[in-house]
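Sequence positions in the sequence shown follow my numbering and run 431 to 1078.
Let me begin by presenting the structure, written as structure tokens, before commenting on it.
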Amino acid sequence: MRYRTAGLLAAGLLAAAPAQAEVTRFELQGAAAPAFGGQEFGPAGRYERIVAKATIALDPADARNAIIADLALAPRNAQGKVEATADIVILRPAESARGNGTLLLEVPNRGREIIGQLMNDAPGANLLSGGTDPGNGHLMRQGYTLAWIGWQADIAPGQGMRLAAPVVPNVTGPSREEFLFDHTRSPVTVPLTYPAAATEGATLTIRAQAGDARQTPPGLSFRFLDPQHVEITRPAGFDAGALYELIYTAKDPVVQGMAFAAFRDIGAFLRWEKGPANPLAAGQRGTVDQAVLAGVSQSGRFVRDYLYLGFNEDERGRQVYGAMLAHIPGTRRSFTNARFAQPGRNPTPHGDRHYPADQFPFTYATTEDHLTGKRDGLLQRCRATNTCPRIMQTDSEYEFWGARASLLVTDTQGNHLDLPPEVRAYMMTGHPHHAAAQAVAERIDRCALPVNPLQAGAPMRALLAALEAWQREGVEPPASRYPMRSAGTLLPAAGLYPAIPALGYRGTFGPAQLVDNSVVPPVVKGEYTVLLPRVDADGNAIGGVRGPVIEAPKATYTGWNPRAAGFAAGALCYNTGAVLPFAATKAERLAANDPRPSLEERYATPAAYVAAVRAAATRLVAERLLLPEDATAITAAAEADTLARLRR
431 MRYRTAGLLA AGLLAAAPAQ AEVTRFELQG AAAPAFGGQE FGPAGRYERI VAKATIALDP
491 ADARNAIIAD LALAPRNAQG KVEATADIVI LRPAESARGN GTLLLEVPNR GREIIGQLMN
551 DAPGANLLSG GTDPGNGHLM RQGYTLAWIG WQADIAPGQG MRLAAPVVPN VTGPSREEFL
611 FDHTRSPVTV PLTYPAAATE GATLTIRAQA GDARQTPPGL SFRFLDPQHV EITRPAGFDA
671 GALYELIYTA KDPVVQGMAF AAFRDIGAFL RWEKGPANPL AAGQRGTVDQ AVLAGVSQSG
731 RFVRDYLYLG FNEDERGRQV YGAMLAHIPG TRRSFTNARF AQPGRNPTPH GDRHYPADQF
791 PFTYATTEDH LTGKRDGLLQ RCRATNTCPR IMQTDSEYEF WGARASLLVT DTQGNHLDLP
851 PEVRAYMMTG HPHHAAAQAV AERIDRCALP VNPLQAGAPM RALLAALEAW QREGVEPPAS
911 RYPMRSAGTL LPAAGLYPAI PALGYRGTFG PAQLVDNSVV PPVVKGEYTV LLPRVDADGN
971 AIGGVRGPVI EAPKATYTGW NPRAAGFAAG ALCYNTGAVL PFAATKAERL AANDPRPSLE
1031 ERYATPAAYV AAVRAAATRL VAERLLLPED ATAITAAAEA DTLARLRR
């Protein structure tokens, strides 16, 4: 096998380099360029940015590839292999010897880099991978080599990092699209994931709520504008949160499951290939000796799927990633390795609920599905090949309400499960699914309560440091901090919250369901037990990583937020939590019938509040759940009265 690296350099193409792997071409899209205007990042120095494309070629007869849906039906090259080409972005120390030797490879979220928002407090997506805004510079100051590999074939060219994967010819079949508009405009034009093979026989239905029967009321209609666009006319009597479901005969399925092989083969190439084709090799030696696979939200679900499907073993039998960090996936995986896959689907308490993205197995240990009798677990394949990594899964409190997170630590009937020794789990207590570091409490139209503004950067930076020490030195990380049935911190939904009138708790959550996707539309065949975090008298959860904003609170922070009137009221907003500030005085809270002590009852002076925050931060530093510099910043925010994020 040979590599051909084609860089758009003044000298033209670089020389071909022989190697043995399934990356057949690694093509630079220009010379390495200075990142962040040449800014220095302490011992790591300056960074540079590399843009490339990598082509993989898979043998469908190889047992390690056989699990990829439709691979055997795809067009092949002259060597009988199936090719796909991925977009690549790399940020590396300009002087490789100044790096820490770890490749941190993030799975893009819908074609975007977002780990910069999480770890570096960057104000937006793609600013880190674009080399334009390093945020607080944390990952660079630690000396990480960062990389991203495009994996979604349904990202339009120029709209983000993507995978150009082959189409399976002469195949048609049913495809299902669900649309949640959160507005009332009509008619509305929607794109289809796959082109229609025929327009005859297509159906469109509507539901006010996910559990309702499908309807075809008067006034509901649709027409195909072309094979990949449909215009929907909306009926009277349904609000902005209604769910529209189109079922049609599609064609041209993409071999989307090759995405997992891309992360296997390109990750192995970047880690081990010593020839000139690899930009991370220098002088016939590699510049990284460890690799971490990370994903956030959708891409965290991809990481769980990558592990479950056995792709952490490369084609030489080696372990590709020594550690994995799956952030905010809950117990979901992804709708990626399937015919007519739709990897962008996001199962929530209201929409996209019945796609095959969050089915058994839910957790890492092998367990039994009591509804089907099947036994399985996310570690089952890597255990068989001795390629299991060290794993951290970090969830927000939202994942318990919207992504069935309790099933990570219970069986399907709600009984306690211990996590395997190579797995740690942490809940970010009181946090929504995701928030920017600059967020404050505010209202949005679809949610009944102000949106929770807490961001997880500070605890995540500490956990990444612990993961690095675990992988490199075998230092055990902090014990899991996750609500557990055995600890009494996971409970049924009924009666969970104290009676706080303004909170309006109704016990609504996203269910975990056994769904039969062999029929279209899918059919729910049963329910699994979902439990929720126990809360204190303030309505703040007891378990998990309780940051200073929860230990010394000025508000109730929840992982759930009801949908507002006109937006499928009664369901939950997706990906958000809520925040409900405490009353300023005892008189105010008594007038509002609020059982939560007021700020004047909790903190005699502003200095007393700051002291409580400082004490909580000091404890977390001692427990390795907060870095000293973040403890200092948190205390300063308390002094400035911005820590609670209740106002700008």
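Beta carbons: idealized from backbone N, C-alpha and C, even for Gly.
Asked, Found
"Residues that methionine 1089 bridges to, as DSSP identifies them", "With the chain represented from 431 up to 1078, any question about residue 1089 goes unanswered, as that position is not in the structure."
"Beta-carbon gap between glycine 1000 and proline 862 smaller than 8 Å", "no"
"Proline 553 beta carbon less than 8 Å from that of alanine 866", "yes"
"For serine 948 and proline 786, the rounded distance between their alpha carbons", "10 Å"
"Environment of glycine 399 [buried if 16+ CB atoms lie within 10 Å]", "One cannot answer for residue 399 here, as it falls past the ends of the chain, which runs 431 to 1078."
"C-alpha gap between arginine 522 and proline 564, whole angstroms", "13 Å"
"Segment contact, 8 Å Cβ cut-off, at least three pairs: the stretch 582–602 with the stretch 513–533", "yes"
"CA nearest to the CA of proline 928, picked from Gly937, Pro951, Asp968", "Asp968"
"Selection from Gly832, Arg1032, Ala896 that minimises the alpha carbon distance to tyrosine 856", "Ala896"
"Cβ contact check for the stretch 668–686 and the stretch 596–609: 3 or more pairs under 8 Å", "yes"
"Residue range of the unbroken beta strand (DSSP E) whose run includes tryptophan 702", "Premise fails: tryptophan 702 lies in the alpha helix (DSSP H), 688–702, not in any beta strand (DSSP E)."
"Selection from Leu1076, Val965, Arg1026, Leu962 that minimises the alpha carbon distance to valine 1009", "Leu1076"
"Residues that alanine 1096 bridges to, as DSSP identifies them", "In the structure as shown, the chain begins at 431 and stops at 1078. Residue 1096 is therefore absent and cannot be evaluated."
"Cut-off 6 Å between Cβ atoms - residues of its own chain near leucine 1073, not counting five sequence neighbours on either side", "Val979, Ala1067"
"Helix, strand or coil at glycine 725 [DSSP, three-state]", "strand"
"Residue burial classification, proline 791 (beta-carbon count within 10 angstroms, cutoff 16)", "buried"
"Under the three-state DSSP convention, the category aspartate 517 falls into", "strand"
"Alpha-carbon spacing of valine 722 relative to isoleucine 486, whole angstroms", "20 Å"
"Beta strand (DSSP E) runs contained entirely in the stretch 933–988, provided each spans 3 or more residues", "942–946, 953–958, 985–988"
"Inter-residue Cα distance where the pair is arginine 976 and arginine 911", "9 Å"
"Span of the alpha helix (DSSP H), counted from its first residue to its last, around aspartate 612", "Careful: aspartate 612 lies outside any alpha helix (DSSP H) and carries neither H nor E."
"Cβ pair proline 373, proline 665 closer than 8 Å", "There is simply no residue 373 to check, as the chain begins at 431 and stops at 1078 in what is shown."
"Limits of the alpha helix (DSSP H) - the one that phenylalanine 830 falls within", "828–832"
"Residues bridged to valine 601 (per DSSP)", "None; valine 601 has no bridge partner."
"Under 8 Å between C-beta atoms of alanine 640 and arginine 762", "no"
"C-beta contact flag for alanine 1022 and alanine 932 at 8 Å", "yes"
"Cβ separation of glycine 781 and glutamate 608, assumed to be a contact under 8 Å, to the nearest whole Å", "6 Å"
"Assigned secondary structure, isoleucine 930 (DSSP; H/G/I helix, E/B strand, else coil)", "coil"
"Beta strand (DSSP E) runs contained entirely in the stretch 616–641, provided each spans 3 or more residues", "618–621, 626–637"
"Cβ neighbours of isoleucine 497 in the same chain (closer than 6 Å, five flanking residues each side left out)", "Leu739"
"Extent of the continuous alpha helix (DSSP H) to which glutamate 743 belongs", "That residue, glutamate 743, is in no alpha helix (DSSP H); it is neither H nor E in DSSP."
"Reduced DSSP secondary structure (H/G/I, E/B, other) of threonine 663", "strand"
"Bridge partner(s) assigned by DSSP for arginine 911", "Tyr856"
"Beta-carbon spacing of tyrosine 828, asparagine 539 below 8 Å", "no"
"Cβ shell of glycine 590 (< 6 Å), same chain only, five flanking positions each side left out", "Gly541, Arg542"
"Alanine 627 versus glutamine 645: straight-line alpha-carbon distance, rounded", "25 Å"
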